[in-house]
Amino acid sequence: MVLVQDAGIENVTSSHPGGHAKYIALVWCQVIVLVAAIAAASAQIRPIPIRPVPFGGGPEAGAVILNQVYEPNPDGSYVYSYETSNGIRADQRGFLKNPGTPGEAQVMQGSYSYTGPDGVVYTINYIADENGYRAEGAHIPSAPRYNPRFPGPF
Numbered sequence: 004m005v006l007v008q009d010a011g012i013e014n015v016t017s018s019h020p021g022g023h024a025k026y027i028a029l030v031w032c033q034v035i036v037l038v039a040a041i042a043a044a045s046a047q048i049r050p051i052p053i054r055p056v057p058f059g060g061g062p063e064a065g066a067v068i069l070n071q072v073y074e075p076n077p078d079g080s081y082v083y084s085y086e087t088s089n090g091i092r093a094d095q096r097g098f099l100k101n102p103g104t105p106g107e108a109q110v111m112q113g114s115y116s117y118t119g120p121d122g123v124v125y126t127i128n129y130i131a132d133e134n135g136y137r138a139e140g141a142h143i144p145s146a147p148r149y150n151p152r153f154p155g156p157f
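Residue numbering for the sequence shown follows our numbering, beginning at 4 and increasing consecutively.
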């Protein structure tokens, strides 16, 4: 059986059992790939509109630094603090704990405070060391304490 004699392809389907079905499947695969390529080429990319983010235009824009201290030490420890005219305050100290030992760890601890939109001054005290970052503040929720008289679902 000659399927496409003009192209020089003879006995394409008669040499193997089920050859005609394989040839049809191959043609359909080529058609699908061609349609997918045309669809991909004609797809239009619509840019996402980007709105500029305002920076420095709020009520805090006029804040100035009232006090600033930074004291680096030769051993790598340091102390810094600052205070701004809008009520933001921060202080931190850092040092190397157990230097030269396998338990050596960088430690940073300090606090910062700011006035929220509700007029309340929020203060956060924190420490960051080999055990991770831990923050505490009156407004930060804490996990409930374990009470053996009232075991949890576990």
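Beta carbons are placed, not taken as given, at the ideal position from N, Cα and C, and that holds for glycine.
Practice task
Starting from the C-beta of ILE91, find all residues in its chain whose C-beta is less than 6 Å away, skip the five residues before and the five after it, and write them out in chain order.
Solution key: For this step, residue 91 is matched to residue 88 along the sequence shown. So the qualifying residues of the chain are TYR117.
Exercise for the section: Measure from the alpha carbon of GLY140 to the alpha carbon of each residue in ALA28, ILE130, ARG148, then state which is nearest. Expected result: As a position in the sequence shown, residue 140 is number 137, starting the count at 1. That would be ILE130, whose Cα lies nearest to the Cα of GLY140.
Exercise for the section: Have a look at the DSSP bridge pairing and note the partners of GLY97. Expected result: In the sequence shown, counting from the first residue as 1, residue 97 sits at position 94. DSSP lists TYR81, MET111 as partners of GLY97.
Handout entry: Cβ neighbours of GLY2 in the same chain (closer than 6 Å, five flanking residues each side left out)
Key = Past the edges of the chain, shown from 4 to 157, lies residue 2, and the structure says nothing about it.
Exercise for the section: Give the secondary structure of VAL123 by DSSP, where H, G and I count as helix, E and B as strand, and everything else as coil. Expected result: Numbered from 1 along the sequence shown, position 120 holds the residue referred to as residue 123. Coil.
Problem - Distance, TYR136 Cα to THR126 Cα - result: For this step, residue 126 is matched to residue 123 along the sequence shown. For this step, residue 136 is matched to residue 133 along the sequence shown. Cα-Cα distance, rounded: 16 Å.
Practice task
Determine the contact status of SER88 and VAL72, defining contact as a CB-CB distance below 8 Å.
Solution key: Counting from one through the sequence shown, the residue named residue 88 turns up at place 85. Counting from one through the sequence shown, the residue named residue 72 turns up at place 69. Their beta carbons are not under 8 Å apart, which means SER88 does not touch VAL72 by this criterion.
Practice task
Quick one: grab the DSSP three-state call for VAL67.
Solution key: Within the sequence shown, residue 67 is the residue found at index 64, counting from 1. Reduced to three states, the DSSP call for VAL67 is coil.
Handout entry: Bounding residues of the beta strand (DSSP E) (the contiguous stretch that carries ALA141)
Key = One-based indexing of the sequence shown puts residue 141 at position 138. Looking at the DSSP string, ALA141 is not in any beta strand (DSSP E), and its letter there is neither H nor E.
Exercise for the section: Confirm, please, whether the CB-CB distance from TYR115 to GLY97 is below 8 Å. Expected result: Stepping through the sequence shown from its first residue, residue 97 is reached at position 94. Stepping through the sequence shown from its first residue, residue 115 is reached at position 112. Their beta carbons are not under 8 Å apart, which means GLY97 does not touch TYR115 by this criterion.
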